[in-house]
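*Asks:* So the sequence lines, in the order shown, correspond to chains P and L. In this text, residue positions in the first sequence follow my numbering: the first is 1, and each later residue adds one. In this text, residue positions in the second sequence follow my numbering: the first is 192, and each later residue adds one.
There are 2 protein chains.
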Amino acid sequence: MKRSFGARAVAYLLPVFVVGTYDHKGIPDAMVAAWGGIYSSDPPSIAISIRPSRYTYRNLMEKMAFTISIPSVKYIAEADFFGITSGMDTDKFAVTGLTPQLSEFVDAPFVAEFPVVLECRVTKHIKIGAHTQFIGEILDVKIDESMLDTDGKPDLARLQLIGFDVLRSEYYTTGSVAGKAFSAGRKFLSG
Amino acid sequence: MKRSFGARAVAYLLPVFVVGTYDHKGIPDAMVAAWGGIYSSDPPSIAISIRPSRYTYRNLMEKMAFTISIPSVKYIAEADFFGITSGMDTDKFAVTGLTPQLSEFVDAPFVAEFPVVLECRVTKHIKIGAHTQFIGEILDVKIDESMLDTDGKPDLARLQLIGFDVLRSEYYTTGSVAGKAFSAGRKFLSG
């Protein structure tokens, strides 16, 4: 038996995307977006939804560039702080002591200490309701070398990334590998 | 030191959304989308990106309605099967033995056995590159009562949902609670 929770913005799993931008003075800012996800494989694109009242919105419109830095559990407090304050009156990097590093491909800073980084240029923005969706072409993905396994791919257990539980307003860690994609379902294929 | 993975559709955490639709004959279909996420809080909306070649694309254009059923780890094989076959030539519900249940608010079926379900009506679709993004207004969220804690909210540890590791083509489970959102970062607020 299922219980109805009504018309609400709820889904699982939701990411913790730390969106990095520069403002008009070149001061680095970062905010947290759990509203977003991969948009397309070709060109590789990601979408994030931002309210027009956010400082990041203004920066995005001006620079048409952003990064997504993905925090590990170690940086929960810093990431959360990026979400509860505004670049309008707070230099979030200065307060947290994290390092804003200029991207290689776009005019936006990423969080040097976070293990996964995407560099994106805005290709489109679309307003629906309370949010504007910014679509960013992913120009590069960077991952800490110390997080890579011997096969050259990142090890989730080492990355220790976090997700966002919207109904509980909690962050959670990832668990263990549960199965192979494009493979686990083959048992239902008639031979 | 970070290693570059180039321009690729990579992010963490990515969801496993099982998208349910009816075709023109009323036959229920379901496919897997890892490209998607919450779009807006108001109206509550979710976005999923689908290639025009998919059977679901045709169904979405015809019915303008879909569900998202979110599988627990127990149904990895079934969910994966939904992703590696096409409704064009396979009745995926019949093969897996899962139950297509008509939604309460939209003309689309959900997977009765999966613990979390969203019922959505398409409000917009936008083509960029290889994918078309369908934006769905979430008309209802339903969660299995057996997954709710005494506070009436779902217990992630009980839900046992899965995420998608795109660089490894693997599914993984969620781990444990790591911190409170809108709270963990307060330690950086000057008193």
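Using N, Cα and C, we set each Cβ at its ideal position, and we do this for glycine too. Note that the structure is predicted; figures quoted are calculated from it, not measured.
(1) By how many angstroms is the C-alpha of valine 313/L removed from the C-alpha of serine 40/P?
(2) Taking the C-alpha atoms as reference points, what is the distance between phenylalanine 355/L and isoleucine 27/P?
(3) For a contact defined as C-beta to C-beta under 8 Å, what are the partners of arginine 349/L on chain P?
(4) Hey, is serine 260/L's beta-carbon within less than 8 Å of any beta-carbon in chain P?
(5) In the DSSP assignment, what residue or residues form a beta bridge with lysine 180/P?
(6) So which residues of chain L does tyrosine 171/P contact, with C-beta pairs closer than 9 Å?
(7) Tell me which residue opens and which closes the beta strand (DSSP E) that lysine 142/L is part of.
(8) With a cut-off of 8 Å, do at least 3 Cβ pairs link the segment 114-121 of chain P to the segment 64-78 of chain P?
(9) Out of Thr287/L, Glu328/L and Asp271/L, state which residue places its alpha-carbon closest to the alpha-carbon of valine 297/L.
(10) Are threonine 174/P and leucine 156/P close, meaning C-beta to C-beta below 8 Å?
(11) Quick one: grab the DSSP three-state call for aspartate 298/L.
(12) Could you list which residues in chain L have their beta carbon closer than 8 Å to that of proline 15/P, in chain order?
(13) What are the boundary residues of the beta strand (DSSP E) that includes alanine 221/L?
(14) At a Cβ cut of 7 Å, what residues of the segment 315-348 of chain L count as close to chain P, listed as they run along the chain?
(15) Check distances from the C-beta atoms of the segment 231-264 of chain L to those of chain P and list, in chain order, the residues that come in under 8 Å.
(16) Taking 8 Å as the threshold (C-beta atoms), are proline 300/L and leucine 13/P in contact?
(17) Drop a sphere of 10 angstroms on the beta-carbon of proline 291/L, count the other beta-carbons inside from all chains shown, and report buried for 16 or more, exposed for fewer.
(18) If the cut-off is 8 Å on Cβ atoms, which residues from the segment 263-286 of chain L count as contacting chain P, listed in chain order?
(19) Determine the direct distance from the alpha carbon of serine 195/L to that of serine 146/P, and round the result to whole angstroms.
(20) Under 9 Å between beta-carbons, which chain L residues line up against alanine 34/P? List them in chain order, please.
(21) Measuring straight from C-alpha to C-alpha, what distance separates arginine 377/L and glycine 87/P?
(22) For glutamine 133/P and alanine 256/L, I'd like the C-alpha separation in whole angstroms.
(23) Which residue marks the beginning of the beta strand (DSSP E) containing serine 318/L, and which one marks its end?
(24) What residue range does the alpha helix (DSSP H) around arginine 249/L cover?
(25) How far does the alpha helix (DSSP H) with glycine 83/P in it extend, from its first residue to its last?
(26) Using a C-beta to C-beta distance shorter than 9 Å, which residues of chain L count as neighbours of lysine 1/P?
(27) My output table needs one value for alanine 185/L: the three-state DSSP class, helix, strand or coil.
(28) Within a Cβ cutoff of 8 Å, which residues of the same chain sit near tyrosine 248/L, ignoring the five residues on either side of it in sequence?
(29) Write down the C-beta distance between tyrosine 171/P and alanine 270/L rounded to the nearest angstrom, noting that I regard them as a contact closer than 8 Å.
*Replies:* A quick look at the data gives this:
(1) 18 Å
(2) 35 Å
(3) Result: empty, since nearest Cβ-Cβ is about 12 Å, beyond 8 Å.
(4) no
(5) Glu361/L
(6) Val368, Ala369, Gly370, Lys371, Ala372 and Ala375
(7) Coverage of chain L is limited to positions 192 through 382, which leaves residue 142/L absent and any answer about it impossible.
(8) yes
(9) Glu328/L
(10) yes
(11) coil
(12) Ala202, Tyr203, Leu204, Leu205 and Gly228
(13) 219-224
(14) Lys315, Ile317, Ile319, Gly320, Ala321, His322, Gln324, Ile326, Ile329, Leu330, Asp331, Val332, Lys333, Ile334, Asp335, Glu336, Leu339, Lys344, Pro345 and Leu347
(15) Ser231, Ser232, Asp233, Pro234, Pro235, Ser236, Ile237, Ala238, Ser240, Ile259, Ile261 and Val264
(16) no
(17) buried
(18) Val264, Ile267, Ala268, Glu269, Ala270, Asp271, Phe272, Phe273, Gly274, Ile275, Thr276 and Val286
(19) 13 Å
(20) Gly228, Ile229 and Ala372
(21) 16 Å
(22) 21 Å
(23) According to the sequence shown, residue 318/L is lysine rather than serine. Per DSSP, lysine 318/L belongs to the beta strand (DSSP E) from 307-319.
(24) 246-254
(25) 76-84
(26) The question names lysine, yet the displayed sequence has methionine at residue 1/P. Those are Asp335, Glu336 and Ser337, listed as they occur along chain L.
(27) Past the edges of chain L, shown from 192 to 382, lies residue 185/L, and the structure says nothing about it.
(28) Ile241, Arg242 and Thr323
(29) Tyrosine 171/P to alanine 270/L, Cβ: 24 Å. No contact.
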